[in-house]
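Have a look at the structure below, then the notes.
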Amino acid sequence: MPRDLFIRSFDDELYGELKDFSETEGVTLASVAEEAVRTWIDLKKKTRSRHVLILYENAESLEIFFKNLNTTLKGDWSKLMWGPVSLPPLEIAKRHGWRDVSPKPHELFARKPEQYLSELVKILHKKIEGSRLCGVGNLMNFSKVFSATEKFDYFDRAILVENFHKLVSDIPGIIYCPYDTKIFFNGGIRNRISIMKKHDLSFLMMEKTLYRIRIDEENILKVLG
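The opening position of the sequence shown corresponds to residue 845 in the working numbering, with each subsequent residue numbered one higher.
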């Protein structure tokens, strides 16, 4: 049975564009709105779990990020984190109420990363207990605390870690992956783009401002404006 849908305070400029488009294409406003709603619902179903890259300038900017994020979270969120808690960003996240659920021992991540990540998946499924996950993962900071015999290639391991998100994509919520810009931008561009493409969204936190970063493939014609 069709229903009436009323939208208050709809943007005038957007409404004008929508009306012109519907008249040009010979379709009704109702059919355009219905298609938009269906597309939005399908998108939300696909993005039940979000994987978000956070590049941060320094500890101060990260402190502001977590403070603002913490005040924004409402409802049944499980604030969990994994990685070395003694270093930023998890040291900062802990001050704002995130709980450490890292598998032990930490050295397992250097020797057998797949096994470590498998244990982490089990822990996360158990800990959320029907709530939504607000996770903060920073396993790459282990490169700062392991001994020389347990060192690993930073970006090879980073790609492995980011692929881990596929194993928890059935968990509703968001996983934030903070990277220090001084480390992230210290090397070839291919590694950086590869990591960014592993995420649904990418942001840069610089001082008090959060910037959205987009990496999209484009046709050469786009450079002409």
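Glycine residues also receive a C-beta, built at the ideal position from the N, C-alpha and C atoms.
First and last residue of the uninterrupted beta strand (DSSP E) at residue i
{"i": "Val1005", "result": "Looking at the DSSP string, Val1005 is not in any beta strand (DSSP E); the run it does join, the alpha helix (DSSP H), is Tyr998 to Asn1007."}
Nearest-angstrom beta carbon gap, residue j and residue i [assumed within contact, 8 Å]
{"i": "Leu983", "j": "Trp926", "result": "7 Å"}
{"i": "Val896", "j": "Asp1044", "result": "6 Å"}
{"i": "Ile1059", "j": "Lys1042", "result": "That belief does not hold up - the Cβ atoms of Ile1059 and Lys1042 are roughly 11 Å apart, past 8 Å."}
{"i": "Gly1017", "j": "Gly979", "result": "7 Å"}
{"i": "Glu936", "j": "Leu906", "result": "In the sequence under discussion, the amino acid at residue 936 is Ile, which differs from the Glu named in the question. Right, their Cβ atoms sit about 5 Å apart."}
For residue i, the three-state DSSP class (helix, strand or coil)
{"i": "Gly979", "result": "strand"}
{"i": "Ser875", "result": "helix"}
{"i": "Ile1064", "result": "helix"}
{"i": "Ser946", "result": "coil"}
{"i": "Arg1058", "result": "coil"}
{"i": "Thr891", "result": "Below a pLDDT of 50, predicted positions are generally treated as unreliable, and Thr891, at 47, falls in that range; the measurement from the model is reported next regardless. Thr891: coil per DSSP, three-state reduction."}
{"i": "Asp864", "result": "helix"}
Candidates the options, of which the one nearest residue i by Cα
{"i": "Tyr1020", "options": "Leu899, Arg882 and Lys863", "result": "Leu899"}
{"i": "Asp1000", "options": "Leu1065, Asn1035, Ile1027 and Lys956", "result": "Asn1035"}
{"i": "Met1049", "options": "Leu924, Pro933 and Glu963", "result": "Pro933"}
{"i": "Glu901", "options": "Tyr1023, Asn985 and Gly979", "result": "Tyr1023"}
{"i": "Lys1077", "options": "Ile1033, Tyr960 and His940", "result": "The displayed coordinates of the chain run from 845 to 1069. Any statement about residue 1077 would go beyond what the structure contains."}
{"i": "Pro957", "options": "Gly941, Leu1004 and Tyr998", "result": "Leu1004"}
{"i": "Leu952", "options": "Ala874, Arg943 and Ser962", "result": "Ser962"}
{"i": "His1009", "options": "Ser975, Leu968 and Thr1025", "result": "Leu968"}
{"i": "Leu917", "options": "Leu977, Ile1033, Phe986 and Asp997", "result": "Leu977"}
{"i": "Ser893", "options": "Ser946, Ser975 and Arg943", "result": "Ser975"}
{"i": "Asn985", "options": "Ala1002, Ile972 and Lys970", "result": "Ala1002"}
{"i": "Lys970", "options": "Ala954, Ser946, His950 and Arg955", "result": "Ser946"}
{"i": "Trp921", "options": "Glu904, Asp855, Gly941 and Gly1032", "result": "Gly941"}
{"i": "Asn1030", "options": "Glu1061, Tyr998 and Thr1053", "result": "Tyr998"}
{"i": "Ile1057", "options": "Phe1047, Glu1051, Val876 and Gly919", "result": "Phe1047"}
{"i": "Ile908", "options": "Thr1053, Leu1065, Glu1061 and Val1067", "result": "Thr1053"}
{"i": "Glu1006", "options": "Phe910, Ile1037 and Ala877", "result": "Ile1037"}
Segment limits, alpha helix (DSSP H) that includes residue i
{"i": "Val965", "result": "Pro957 to Ile972"}
{"i": "Phe854", "result": "Phe854 -> no alpha helix (DSSP H), and no H or E assigned at all."}
Proximity test, residue i beta-carbon vs the ligand FMN heavy atom, cut-off 6 Å
{"i": "Pro1022", "result": "In terms of ligand content, the structure shown is empty, and the ligand FMN therefore cannot be addressed."}
Which runs of the alpha helix (DSSP H) spanning at least 4 residues fall entirely within the region 1003-1055, listed in chain order?
1025-1028 and 1033-1041
Ignoring anything shorter than 3 residues or poking outside the region 907-937, list the beta strand (DSSP E) runs there in chain order.
921-926
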